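A short write-up of the structure that comes next.
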Amino acid sequence: MALDTAKVENTMAKRLRNLLFSQEGILFIILVLVIIVLSGRNANFLSASNLLNQGRLMSEVGLVALPMTYIIITAGIDLSVGSILGLSAILLGVFWKNLGVPLELAIILALIVGTVAGYVNGLFIVRLNVPPLIMTLATLAFYRGLAQGISEAKSVTGYPEWFYIFGQKSVMGLPTQLWFFIIATIISIIILRTTTLGRYLYAIGNNPVGARFSGLPVARTLLVIYSYSGFMAALAAVIFVSRVTTTRSDMGTGLELDVIAAVVLGGTSIFGGKGGIIGTLIGLVLIQLLKNGLALSGVTSDATTIVIGLVLILAILVNNFIQRRRDS
Amino acid sequence: MKKFSLRMFASLALALFGLSFAQSWDGADSLPTNPLACGEGAGGGAMAALDYNGGQTMNAPDMMGQAINLIDVPKLVGIGYFAATTLGQQQAAEELGNVTVTTDAPTEANIDDQIAVIESYIASGNINGILFAANDPVAIAPVLRKALEQGIHVVGYDANSEPDAREWFVNQAEFNGIAKAMVDSLAKEKGDSAHFGIVTSTFTTPNQARWIAEMQAYQAACYPNMKWLETLEAQEDAVLSFNQANTLINKYGDELDGIFGMTSVATPSSADAVTQAGLCGDVAVVGLATPNGMKPFVNDGCVQSVVLWNPVDLGYAATYVMRAIVDGTLKAGDTSVEAGRLGTLQVVNGSEILLGAPYIFTPDNINDFDF
């Protein structure tokens, strides 16, 4: 009897240790430390209004980071998300202002355009076997070029008041876009953890050839996740336009790097087959709170960029070290 | 058919009429112009007075005469131009003694990053005022309105926002002021019957089109014997600008006395073309450009006048304007404000403060600037 309890305790401790020493666990500890340090430097850091506002600012990157996690789990990458955001934003404006489409319909059309843009990425990757890095690098330029060509460097402004609900207003105490992000996160976690689609992603990332020969629908799965990525970039575009009340063709420039940084910091392996949404979530929050907290404690934004780079390196080093210790 | 030819005839007649009546220079827009008075003297003055159209703070604490903490958010940091505005702000802060200014902005001119920087400083709760140069006039407006709502004063410079999102905007130069400085500079160098060509970006680029229209109006009023030869488009491309300046030189030969460069690319390229043609002194180059791009030509003596504004003064004025708002010496409806060494600055366009006449960089002063 006494032996059994000891055994249970032993496995409990082991589990706890595993959780603690997983990438997510380590990141979470770093996050808590960062929050403690930064909250000591400015009293407003942990205020509800500041945190909610940070949630608002984080949502656009967050929405795109969800499908990016999927894509990176399959050992792929999508560099075109920022450009898809720009293209969808411009078309939202053009459909509504220049073509006279009702704004509700223009939003739906923009979402469709984004999804199709992602689908095109997937199509080339699947059918023509273009490496995702090359394909999305090409469409990074192509979609941005389209956005600039269509907009003729003019911005679209003067949206009706109701449209600002997506980017500037709150629903039941939370910024509207944070609701979008929370719901999308929950759905993404459920899909990744409990559905066959989720398991396909890991299988493709671990061994794409094996996955194909096992009869998994590799092509269809990849098409779905690249389209999902395009859709989320377009959704982020709608929210972004609503938040800043204007559309410009340079919107979303550099977004892909913020997104990939959060995903990779969150422990999703760039080589595929490993990772998850929770890690991405912690990575996102960590980067956002670092940016905000450092700014609040009077660090200028160029210095903040350096600190974030260092934290990225540090987190990866610590993680590598602990993983190696554990494996040996 | 008959109707059609009638319409053709009518439009042809109209076109001829238009041509013979008031031919405007290529590249000028057709908006009404407002040329300044001829000769010496600063700009401003004759503007129709507009009602104050800026925003208002809500429940701003009364900080009259007390130390205030300002944040300056230019379009980006790390370039000479905004280093110069920062320098001006620091000079003003030192003179005033009760102002501290911190400059913080993204390293790229990105609308989202700029908004995030401002958001953070609003949240920090320890600033009394924001100075900004907007990357996008509309996109920056919501966050600035939020600042006003929280009692933080907001003043723009260099690049405006929507008027109601800030209290005042320090306008570095008006179109008619730039136009006057350009034409006066050419007249000073080559006399008041000079023949000139223009190298611009495109005929429809808004700022350039406005400047050219104002130059035409000012020349017609003040130097009727000057002669416009041709305007050429050169995008904002250095090679194309060089070629277009050469076109003017070769096409008009001795008749050409001067070239106006309308962009910061066209002006140095035109100067380069004149230098390489060995026509320094024969063909004057007057244009809008930044000092660093023009130093080689100015120091060689090939270019005498580079027209722009002084960004050090711009930052300096913005800081004085902020202090004046906080102290209550600049209120809605006022027509002027005191700005230290710059003297009295005029209010124009409702809620803008005009920095004054444009600054002309000459061989004597250009080496004092680094942007």
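For the protein sequence lines, the chains are A and B, in the order given.
Numbering of the first sequence is given in our numbering, commencing with residue 68 and proceeding in unit increments.
Numbering of the second sequence is given in our numbering, commencing with residue 64 and proceeding in unit increments.
Think of the CB as a built atom: it goes at the ideal place given N, C-alpha and C, for glycine as much as any other residue.
Being a predicted model, the structure only gives us computed values, none of them experimental.
Among the residues of the segment 157-169 of chain B, those with a Cβ less than 9 Å away from any Cβ of chain A are Thr165, Thr166, Asp167, Ala168, Pro169, in the order of the chain. For the 8 Å CB-CB criterion, Ser399 (chain B) and Thr407 (chain B) form a contact.
Asp369 (chain A) is a Cβ neighbour of Val140 (chain B), given a cutoff of 8 Å. Counting only the Cα atoms, Ala362 (chain A) lies some 34 Å from Gly143 (chain A).
Contacts with chain A at 8 Å (Cβ-Cβ) include Gly188 (chain B).
The shortest C-alpha to C-alpha distance from Tyr220 (chain B) to any of B:Arg404, B:Ile388, B:Val384 is the one to B:Val384.
Under DSSP, Lys290 (chain B) shares a beta bridge with B:His258.
Straight-line spacing of the CA atoms in Thr261 (chain A) and Gly117 (chain B) works out to 56 Å. The shortest C-alpha to C-alpha distance from Cys101 (chain B) to any of B:Asp390, B:Pro331, B:Asp247 is the one to B:Asp247. DSSP places Asn234 (chain B) in the uninterrupted beta strand (DSSP E) bounded by 231-234. Take the alpha-carbon of Ala257 (chain B) and the one of Asn306 (chain B): they are about 22 Å apart.
Going by DSSP, Ala347 (chain B) is part of the beta strand (DSSP E) stretching over 347-351. Look at Val223 (chain A) here: in three-state DSSP terms it is strand. Only buried fits Gly350 (chain B), as 16 or more other CB atoms lie within 10 angstroms of its CB. Residues of the segment 319-331 of chain A with a C-beta less than 9 Å from any C-beta of chain B: Gly319, Thr320, Gly321, Leu322, listed in chain order. Excluding the 5 residues flanking it on each side, Ala172 (chain B) has same chain C-beta neighbours closer than 8 Å at Lys138, Leu139, Asn198, in chain order.
Considered as a whole, the segment 75-156 of chain A harbours 90-106, 115-140 as its complete alpha helix (DSSP H) runs of no fewer than 4 residues, in chain order. For Ala179 (chain B), the nearest beta carbon of chain A is closer than 8 Å to its own beta carbon. The beta carbon of Ile344 (chain A) is closer than 7 Å to those of Leu133, Thr136, Thr252, Ser255, Ile256, Leu259 in its chain, skipping five residues each way along the sequence. Ser222 (chain A) is a Cβ neighbour of Arg315 (chain A), given a cutoff of 8 Å. The beta carbon of Val374 (chain A) sits closer than 8 Å to the beta carbons of Leu357, Leu361, Val366 from its chain, once the five residues preceding and following it are set aside; these are given in chain order. Taking the CA atoms as reference points, Thr203 (chain A) sits about 18 Å from Val331 (chain A).
Within the same chain, Cβ atoms closer than 8 Å to the Cβ of Gly319 (chain A) are found at Val148, Gly149, Ser150, Ile151, Leu152, Gly153, Ala156, Ala300, Ala303, Ala304, Phe307, the five residues on either side in sequence being excluded. Contact annotation: Asp390 (chain B) and Gly160 (chain B) have beta-carbon atoms that are not nearer than 8 Å. By alpha-carbon distance to Ile174 (chain B), the top candidate from B:Ala204, B:Thr294, B:Thr165 is B:Ala204. In its chain, beyond the 5 residues on either side, Tyr286 have a beta carbon closer than 6 Å to the beta carbon of Ala250 (chain B). Assignment of Phe323 (chain B) by DSSP, reduced to helix, strand and coil, places it in the strand class.
Listed in chain order, the beta strand (DSSP E) runs fully inside the segment 179-222 of chain B are 192-195, 216-220, counting runs of at least 3 residues. In the structure shown, the three-state DSSP call for Glu225 (chain B) is coil. Nearest to Ala297 (chain B) by C-alpha distance, out of B:Gly254, B:Gln86, B:Ala284, B:Pro331, is B:Pro331. At least 8 Å separates the beta-carbon of Pro275 (chain A) from that of Val291 (chain A). For Asp135 (chain B), the enclosing beta strand (DSSP E) has its first and last residue at 131-136. The straight-line gap separating the alpha-carbon atoms of Leu207 (chain A) and Leu213 (chain A) is approximately 10 Å.
Contact annotation: Thr326 (chain B) and Gln271 (chain B) have beta-carbon atoms nearer than 8 Å. By the Cβ rule, the segment 115-131 of chain A counts as touching the segment 178-190 of chain B, because three or more pairs are nearer than 8 Å. In the displayed model, Ile354 (chain A) falls within a helix according to three-state DSSP.
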